[in-house]
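J.:
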Amino acid sequence: MLKKEWKGFLYCLPIFLFMVVTCFYPLFDVFRTSLYEESLPDFVGIKNYKTLFQDLKFYSSLKITFFFTILTVFFQLILGLFFASLLNQKIKFIALWRGLHFIPWIVPSAVAALIGLLIYQPAIGLLSKIPSWMKVIDPEPSWLGNPSTALIAIIIVGVWKFFPFFTLHLLAGMQSIPGDIYEAAALDGAKSWQKFFYLTIPHLRPTILTICIFNLIWTSSRVFDLVWIITEGGPIGASRVLPVYIYQQMFWGDNIGYAAAISIVFSLILMTFTVIYIVGIRRSED
Amino acid sequence: MSLRGRQTRQTHIYIVVVIFVGLILLPIFYMFLISITPARESWLSLIPKNPTFSAYFKAFSDEKLARYFANTWILAGSATLISLTLAFFGGYGLSRFRFRGQNMFLFIILITQGFAPITLSISYFRIAKVLNLYNTYSFLIIIYVSMCLPFCTLIMRSFLSAIPREIEEAAMIDGCTQIDLLLKIVLPMSWPGIIATGLYAFIQSWNQYLYPLLFTSDWTRAPMTVLIAAQKGSYVVDWNQIMVLALFTCLPAIILFSIFHKQFTHSIAGGFK
Numbered sequence: 000m001l002k003k004e005w006k007g008f009l010y011c012l013p014i015f016l017f018m019v020v021t022c023f024y025p026l027f028d029v030f031r032t033s034l035y036e037e038s039l040p041d042f043v044g045i046k047n048y049k050t051l052f053q054d055l056k057f058y059s060s061l062k063i064t065f066f067f068t069i070l071t072v073f074f075q076l077i078l079g080l081f082f083a084s085l086l087n088q089k090i091k092f093i094a095l096w097r098g099l100h101f102i103p104w105i106v107p108s109a110v111a112a113l114i115g116l117l118i119y120q121p122a123i124g125l126l127s128k129i130p131s132w133m134k135v136i137d138p139e140p141s142w143l144g145n146p147s148t149a150l151i152a153i154i155i156v157g158v159w160k161f162f163p164f165f166t167l168h169l170l171a172g173m174q175s176i177p178g179d180i181y182e183a184a185a186l187d188g189a190k191s192w193q194k195f196f197y198l199t200i201p202h203l204r205p206t207i208l209t210i211c212i213f214n215l216i217w218t219s220s221r222v223f224d225l226v227w228i229i230t231e232g233g234p235i236g237a238s239r240v241l242p243v244y245i246y247q248q249m250f251w252g253d254n255i256g257y258a259a260a261i262s263i264v265f266s267l268i269l270m271t272f273t274v275i276y277i278v279g280i281r282r283s284e285d
Numbered sequence: 000m001s002l003r004g005r006q007t008r009q010t011h012i013y014i015v016v017v018i019f020v021g022l023i024l025l026p027i028f029y030m031f032l033i034s035i036t037p038a039r040e041s042w043l044s045l046i047p048k049n050p051t052f053s054a055y056f057k058a059f060s061d062e063k064l065a066r067y068f069a070n071t072w073i074l075a076g077s078a079t080l081i082s083l084t085l086a087f088f089g090g091y092g093l094s095r096f097r098f099r100g101q102n103m104f105l106f107i108i109l110i111t112q113g114f115a116p117i118t119l120s121i122s123y124f125r126i127a128k129v130l131n132l133y134n135t136y137s138f139l140i141i142i143y144v145s146m147c148l149p150f151c152t153l154i155m156r157s158f159l160s161a162i163p164r165e166i167e168e169a170a171m172i173d174g175c176t177q178i179d180l181l182l183k184i185v186l187p188m189s190w191p192g193i194i195a196t197g198l199y200a201f202i203q204s205w206n207q208y209l210y211p212l213l214f215t216s217d218w219t220r221a222p223m224t225v226l227i228a229a230q231k232g233s234y235v236v237d238w239n240q241i242m243v244l245a246l247f248t249c250l251p252a253i254i255l256f257s258i259f260h261k262q263f264t265h266s267i268a269g270g271f272k
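So the sequence lines, in the order shown, correspond to chains A and B. Going by numbering that gives the first Met the number 0, 27 is the number at position 28 of the first sequence; the sequence numbering is gapless. Going by numbering that gives the first Met the number 0, 211 is the number at position 212 of the second sequence; the sequence numbering is gapless.
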């Protein structure tokens, strides 16, 4: 038995070592960097963190990241539910349509960001052409130049790009729901929307929770690509999410230790959610 | 419901599905539309009056573009191969053996998904400087693998668990060595898993932007994503050129996905269990 245990251990060893070297050591290294100030050779301890807790820009970035993540995941869920219901039909070529709707997820963030940038361009972008003959909205809205709309513009791109992930999982969940409960409900006189809210959604609740938490983590940690390409942090920092702020501190700040400190705080927040997520998965497996 | 009524309802649903999926793909159509629109003047109208493929010809004649494209293939392809190998062994170990620390191993692997790339980059910079690996393929490939590996391992594990052990046990009784067992029996049976894992790793690596932005410095190593993002900064923005590049960047992933999409959707759903 012990020999068998060793074999399993050995198979997993390369991956373990690889991840320790490429992820855990660097994280520790970043923590160590945060305890120094770039220009001073000596250990400065938590000085960077003290500065951090008084930095208004940090708090605004935190707030912006929070809003961005919550809103993005929320609308991804809505859109995901909608498309999952839509694609849960038995019509011809449904596999084709399911495959096609997945394309936004496959497209690189950089490409999605550029298409978004183009669409939002005043005068030549797609969006500016519609209002001109609808005459409802101001003919030359500058979505990206306006601090109040820049973040929303990026959220829309983010939702578009990642919602198929939700659809995929929700669809799989929907297909595992036994059909008889719907029939029973129909016999009791339930209408479609009632069936949806009182039968489908409760059944999907564990799936919804899992993918929402997962996407909260995923979105906040990987939002850099979209934001940087579309607005570089937005007009007057309106879309400056934490990864962007860290990037700015890395290259235009005078203290890499400070950027490291922000990163560590950011990582702590993310790790809390990751642990919640992993524990949740483990709980549902048992 | 009568047969006629049901057919009508089917048609209605079909139309709705087509409309909404079409709406989702609207940006992609737009990308193509702009790519065939001749230079600046025509962008003021929605449909180009004189569509032309001149932007495509210009792109094809640029040797640097070929290099960027090749770089993306090299980076994504190598990362995929390495991820597949490591994930195959790890998935096999996880699905076949029960050992102490197994759960801890999974926990450690999964928690790395919560490490933001920007955070790790601060350290990667120092490492690149010390080891003199700035602007090299290998450095980026290793980082790419670290991003894909956790999920790839999960996906391989779920696919490998589905392979019955009786075949392996029978082979062992017949005197098969462990290596032969793996390569000649398990490997051929795990093709769906390999395709699914490979697709995931490839698309993840192909789509990387931040890491190559930080760790490549010129056209000899940079992938397509860095190239197209750099276009927006230029003084004169030729959107049709940019959209041609964007199409080039999307196309391989989309083509691969359309060939292998069934395995792929299995993998994403399966990797979560």
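By construction, the Cβ of each residue, glycine as well, lies at the ideal position given by its N, Cα and C atoms.
Note down, in chain order, each residue of its chain lying with its Cβ closer than 7 angstroms to the Cβ of E37 of chain A, except the 5 sequence neighbours on either side.
T.: Cβ within range, chain order: D253, N254, I255, G256.
J.: Run the CB neighbour count on D224 of chain A, radius 10 Å, all protein chains shown included, and call it buried at 16 or more, exposed below.
T.: Its Cβ being crowded by 16 or more others within 10 Å, D224 of chain A is buried.
J.: Can you tell me which of A:V110, A:A189, A:V43, A:L95 puts its alpha carbon nearest to the alpha carbon of I241 of chain B?
T.: Ranking A:V110, A:A189, A:V43, A:L95 by Cα distance to I241 of chain B puts A:V110 first.
J.: What residues in the region 245 to 263 of chain A have a beta carbon less than 8 angstroms from any beta carbon of chain B?
T.: Listed by position along the chain: I245, Y246, M249, I255, A258, A259, S262, I263.
J.: Relative to the C-alpha of H202 of chain A, which candidate in A:I212, A:V240, A:V226, A:L80 has its C-alpha closest?
T.: Ranking A:I212, A:V240, A:V226, A:L80 by Cα distance to H202 of chain A puts A:L80 first.
J.: List the residues of chain A that S239 of chain B touches, going by C-beta distances under 9 angstroms, in chain order.
T.: Checking the displayed sequence, the identity of residue 239 of chain B turns out to be Asn instead of Ser. None at all; the shortest Cβ gap to chain A is about 10 angstroms.
J.: Please classify M18 of chain A as buried or exposed, where buried requires at least 16 neighbouring CB atoms within 10 angstroms.
T.: It counts as buried.
J.: Name the residues in the region 28 to 39 of chain B whose C-beta lies less than 7 angstroms from a C-beta of chain A; which are they?
T.: Residues passing the 7 angstroms Cβ filter: Y29, M30, I33.
J.: By a C-beta neighbour count over all protein chains shown, 10 Å radius and 16 as the cutoff for buried, is R8 of chain B buried or exposed?
T.: Exposed is the call here.
J.: Does M270 of chain A have its Cβ less than 8 angstroms from a Cβ in chain B?
T.: At least one chain B Cβ lies under 8 angstroms of M270 of chain A.
J.: Check the C-beta distance from A149 of chain A over to T230 of chain A and give it rounded, since I have them as a contact under 8 angstroms.
T.: With 8 angstroms as the limit, A149 of chain A and T230 of chain A qualify as a contact, their Cβ atoms being about 5 angstroms apart.
J.: Relative to chain B, which residues along the region 97 to 113 of chain A have a C-beta separation below 9 angstroms, given in chain order?
T.: Cβ contacts with chain B: R97, G98, L99, H100, F101, I102, P103, W104, I105, V106, P107, S108, A109, V110, A111, A112, L113.
J.: Expressed to the nearest angstrom, what Euclidean distance is found between the alpha-carbon atoms of Q6 of chain B and V158 of chain A?
T.: Cα to Cα, Q6 of chain B sits roughly 34 angstroms from V158 of chain A.
J.: Got a sec: which bits of the region 183 to 207 of chain B sit with their beta carbon under 7 angstroms from any beta carbon on chain A, in order along the chain?
T.: Against chain A - using a Cβ distance shorter than 7 angstroms - the residues of the region 183 to 207 of chain B are I202, W205, N206.
J.: Between A:S219, A:W251, A:V106, which lies nearest to S287 of chain A when the distance is taken from Cα to Cα?
T.: The requested residue 287 of chain A does not occur in the structure, where chain A is confined to residues 0 to 285.
J.: With 8 angstroms set as the bound, which would you pick, yes or no: does the beta-carbon of G7 of chain A sit closer than that to a beta-carbon of chain B?
T.: Yes - at least one Cβ of chain B is within 8 angstroms of the one on G7 of chain A.
J.: Nearest-angstrom Cα distance between T206 of chain A and Y199 of chain B?
T.: Straight-line Cα distance between these residues: approximately 21 angstroms.
J.: Does F222 of chain A pass the burial test, meaning 16 or more other C-beta atoms within 10 Å, or should it be called exposed?
T.: Reading the sequence as shown, one finds Val at residue 222 of chain A and not Phe. With 16 or more Cβ atoms within 10 Å of its Cβ, V222 of chain A is classed as buried.
J.: Residues in the same chain with beta-carbon distance under 7 angstroms from L109 of chain B, minus the five sequence neighbours each way, listed in chain order, please.
T.: These residues qualify, in order along the chain: P149.
J.: Can you tell me the Cα-Cα spacing of G76 of chain B and S191 of chain A, whole angstroms?
T.: Cα to Cα, the separation comes out at about 47 angstroms.
J.: Counting only runs of 4+ residues fully inside the region 38 to 90 of chain A, write out the alpha helix (DSSP H) ranges in chain order.
T.: You should have 46 to 52, 55 to 85.
J.: Alpha carbon to alpha carbon, how far is K63 of chain B from A245 of chain B?
T.: Their Cα atoms are separated by approximately 15 angstroms.
J.: Name, in chain order, the residues that DSSP records as bridge partners for Y35 of chain A.
T.: Answer is A:F42.
J.: For K272 of chain B, name the three-state secondary structure that DSSP assigns.
T.: The predicted model places K272 of chain B with a pLDDT of 45, which falls under 50 and marks its position as unreliable, so this point remains unresolved.
J.: So with Cβ pairs under 8 angstroms, would you call F165 of chain A a contact of chain C?
T.: Annotation note: the requested chain C is absent from the structure, which comprises protein chains A and B.
J.: Under 9 angstroms Cβ-Cβ, which residues of chain B neighbour S220 of chain A?
T.: Within chain B, the residues near S220 of chain A are Q112, G113, F114, A115, P116, I117, T118.
J.: Would you call the region 120 to 132 of chain B in contact with the region 34 to 49 of chain A, where contact means no fewer than 3 C-beta pairs closer than 8 angstroms?
T.: The region 120 to 132 of chain B vs the region 34 to 49 of chain A: no contact.
J.: What's the call for M249 of chain A, buried or exposed, on a 16-neighbour Cβ count within 10 Å?
T.: Classification for M249 of chain A: buried.
J.: If we cut at 8 angstroms on Cβ distances, does C249 of chain B have a partner in chain A?
T.: Yes - at least one Cβ of chain A is within 8 angstroms of the one on C249 of chain B.
J.: Can you give the Cα-Cα distance for F82 of chain A and T166 of chain A, rounded to whole angstroms?
T.: Rounded to whole angstroms, F82 of chain A to T166 of chain A spans 6 angstroms at the Cα level.
J.: By how many angstroms is the C-alpha of I35 of chain B removed from the C-alpha of F272 of chain A?
T.: Approximately 45 angstroms between the Cα atoms of the pair.
J.: Do you know offhand how far Y24 of chain A's Cα is from I268 of chain A's?
T.: Rounded to whole angstroms, Y24 of chain A to I268 of chain A spans 19 angstroms at the Cα level.
J.: Kindly give me the distance between the Cβ atoms of V185 of chain B and Y91 of chain B, rounded to whole angstroms, as I take these residues to be in contact under 8 angstroms.
T.: Right, their Cβ atoms sit about 7 angstroms apart.
J.: If we cut at 8 angstroms on Cβ distances, does I215 of chain B have a partner in chain A?
T.: The residue you asked about is not Ile; residue 215 of chain B is Thr in the sequence shown. Closer than 8 angstroms: no.
J.: With a threshold of 16 other CB atoms inside 10 Å of the CB of Y58 of chain A, please say whether the residue is buried or exposed.
T.: It is exposed - the Cβ of Y58 of chain A has fewer than 16 other Cβ atoms within 10 Å.
J.: Let me make sure I understand the geometry here. Which of B:S137, B:I121, B:L25, B:L226 has the alpha-carbon closest to that of T248 of chain B?
T.: It is B:L226 whose Cα lies nearest to the Cα of T248 of chain B.
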